[in-house]
Amino acid sequence: MKSMPLHNPLVSIALCTYNGEQYLNQQIESIINQTYNNVEIIIIDDCSTDSTFELLRMLTKDIKNVRLEQNQQNLGFIKNFEKAISYCNGEYIAISDQDDIWILNKIEILLKHIGNHGLIFHDSLIIDERGEQINDLKLSDMSKIYKGDSNLYFLVNNCIPGHASMFRKDIIAYAMPFDKRFFHDWWLAFVAASVSSITYIPETLVKYRQHNNNVTDILFKRSKNEQSRDIYSNYNLEWIEYLSKFIHLKNVKEIRFIYKVLSDYRKGIKGLPFIKFLVNYHIKLFNLEKKSYLSRLNLARKLYSAKSIK
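Numbered per the UniProt record's numbering, the sequence shown spans residues 1 to 310.
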């Protein structure tokens, strides 16, 4: 991974659209009017059946740093983002949804704070379909924030939606291609934590629109698992197994151990490996406050008594 940013690096903005005519105008304007000027904008429309593509052509016709394409066949949002990102030439890449509104100095602020990290993300204001803020909510109210260089948190959680992230292009060499079974933003976060590090700034740099068509609604169902007595029965083992096979892992034994323990737990098997898992990994997986060894043992005792799925 490169450690020193360029003085005036090119930033690529990858925007994917599908039937998004209603909100595109606000989003495009917030992107093209960014205070940081050295950007390119990659827009791929995924066979919209409304007037999205025609609107995009009109909105971008006088903008020189825009590449606009429409797919010949529908790829789905994950593979469409893969395509858009593959076109990016910038040293840094920022992902954009079609229905949000960016604060005008978003890119400038992210560049100022990314430092040597592989990925940076920020907070977002939650707005409704009319553009009005919902109960003063922010994304940080909905998900426990993690920053650092451990990938364990991303085995069971994700706090980094694509619209709030910017990452070094170097990350793509490790992350491509995307597996369409899994969210691309979650995968990028895991990869960034695995091969580099992640940082976070609390500024709200996007107005994130919440409505029935958002594909990242999962972030609004804040996990209550840390309060549950049976928290390990519902996680996606297919996802954890997939992560355990990432060839650039530095902690492959840890992740394979976690996968094996959770697989056994799903079958109703606990034993000493599960106790070891609870003592050593529960706090890391949920990014909880550090506890003493005795406190962790007591927590492990409580969690061990949970009823597992058989």
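Note that the Cβ used here is the ideal one computed from N, Cα and C, for glycine as well.
Everything numeric in this text was worked out from a predicted model, so none of it was measured.
DSSP places Thr-17 within a strand segment (E or B) once states are collapsed to three. Of the residues assessed, Gln-27 falls on the buried side of the cut-off, its CB having 16 or more other CB atoms within 10 angstroms. When rounded, the separation of the alpha-carbon atoms in Leu-285 and Gly-118 is 21 Å. When beta bridges are read from the DSSP output, Val-11 appears opposite Val-39 and Tyr-92.
Within the UniProt domain "Glycosyltransferase 2-like" (12–171), complete beta strand (DSSP E) segments of at least 3 residues are found at 39–45, 66–70, 92–96, 119–127, 133–138 and 165–168, given in chain order. DSSP, read as helix, strand or coil, puts Pro-273 in helix.
For Met-176 against Ser-86, the beta-carbon gap comes to about 7 Å, under 8 Å, which counts as contact. Shown here, Ile-198 sits in a strand according to DSSP, grouped into three states. Assignment of Leu-188 by DSSP, reduced to helix, strand and coil, places it in the helix class. Where Phe-257 is concerned, the enclosing alpha helix (DSSP H) starts and stops at 252–266. A buried status is given to Pro-161, since no fewer than 16 other beta-carbon atoms sit within 10 Å of its beta-carbon. Between Tyr-232 and the set Cys-47, Asp-264, Thr-204 and Glu-69, the nearest pair of CA atoms involves Asp-264. Counting of Cβ neighbours within 10 angstroms places Met-166 among the buried residues, the total reaching 16 or more. Taken atom to atom, the span from the alpha-carbon of Thr-52 to that of Ala-14 is near 16 Å.
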